[in-house]
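If you count the sequence shown from 1, you need to add 81 to reach the working numbering. Beta carbons: idealized from backbone N, C-alpha and C, even for Gly.
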Amino acid sequence: MRACCLASLSRASFESVRDMLMTAECLGTEASAAYRVHDPGALALAEGALATCRALKPPAPITEARLLAILGGVHITNRNWQLAIDAYELAIGAGEVVQDLRRLSIMYGDLSAAYQELGRYNEAARYAHRAIAIHETLSDRLSLARSENNLGMLLLKRGDLADAQGHFERALGLFEEAGVEPQRANFLMSMCELDWLRKDLDTAEHWAREALDFA
Numbered sequence: 082m083r084a085c086c087l088a089s090l091s092r093a094s095f096e097s098v099r100d101m102l103m104t105a106e107c108l109g110t111e112a113s114a115a116y117r118v119h120d121p122g123a124l125a126l127a128e129g130a131l132a133t134c135r136a137l138k139p140p141a142p143i144t145e146a147r148l149l150a151i152l153g154g155v156h157i158t159n160r161n162w163q164l165a166i167d168a169y170e171l172a173i174g175a176g177e178v179v180q181d182l183r184r185l186s187i188m189y190g191d192l193s194a195a196y197q198e199l200g201r202y203n204e205a206a207r208y209a210h211r212a213i214a215i216h217e218t219l220s221d222r223l224s225l226a227r228s229e230n231n232l233g234m235l236l237l238k239r240g241d242l243a244d245a246q247g248h249f250e251r252a253l254g255l256f257e258e259a260g261v262e263p264q265r266a267n268f269l270m271s272m273c274e275l276d277w278l279r280k281d282l283d284t285a286e287h288w289a290r291e292a293l294d295f296a
C-alpha cells in the first residue's frame with residue numbers, strides 16, 4: 082500500500098535525525114492507512130505513535146489529540162467499543178486542540194456507534210446529535226443523511242418508532258435531493274425495518290423491493 086510505504090520511509094528519515102515529533106506523526110499516518118484496509122498491525126502502529134508523542138518534552142497536545150483519534154478509529158474497526166470510547170473521549174477532552182470539525186464529527190459518529198453497541202442509548206443519542214449539528218454547520222448533506230439514518234436506527238432500538246421515522250425520512254430526502262444512489266438501499270431498508278416492527282408488512286415489503294432495486 083503506497084501511502085503506508087511512503088509514511089514508513091518518511092518515518093525512517095525522521096528517526097535518523099531524532100525528530101521524534103515527526104516520527105510520531107508518521108507512525109500515526111501509517112496506523113491510519115493500515116486500519117482503513119483492516120491491517121492487524123494498525124493497533125501496534127497507533128499505540129507506538131501515541132507512546133512516542135507522550136514522551137516528548139515539551140508535550141505536543143495537537144499531535145496527541147490526532148493520534149488518540151486514530152487509535153479510536155483502530156478500536157472501532159476492531160470492535161473494541163470501550164477502548165474506542167476511552168480514546169475518543171481523551172481526544173475530545175483536549176478541547177481547544179481539536180479544531181478540525183470534520184474529524185470531530187467522525188469521532189462523534191463513532192462514539193455514538195460504540196455506545197449503541199454497548200446498549201448505552203442515551204450517550205449514543207447525545208453524540209449522534211452532536212455529529213448532526215456539525216454536519217449542518219459544514220453543510221455536508223451526505224454525512225448529515227448518514228447520521229440522521231444512524232440516529233433513526235438508534236431510536237428504533239430504543240422503541241421510539243415515531244421519532245425514528247422522522248429521521249429516516251429526512252435521511253432519505255437528503256439522499257434523493259443529492260441524486261445519490263449508492264447507499265440509498267441502506268436507508269430504504271431502515272424504512273422497511275420500521276414498518277416491519279409496526280406489523281405493516283405490505284409497506285415493509287414495498288421498501289424492501291425498492292431497496293433491492295437500488296442494491
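- Here the alpha carbons of Ser193 and Arg207 stand approximately 8 angstroms from one another.
- Closest in alpha carbon position to Gly190, among His216, Leu171, Gly200, is His216.
- DSSP places Asn159 in no alpha helix (DSSP H); its state is neither H nor E.
- In the three-state reduction of the DSSP assignment, Arg207 falls in the helix class, which pools H, G and I.
- Secondary structure note for Gln264: it is in no alpha helix (DSSP H), with a DSSP letter that is neither H nor E.
- DSSP places Gly254 within a helical segment (H, G or I) once states are collapsed to three.
- Annotation for Asp283: the continuous alpha helix (DSSP H) segment containing it runs 282-295.
- The beta-carbon separation of Leu131 and Leu148, rounded to 5 angstroms, stays under the 8 angstroms limit for a contact.
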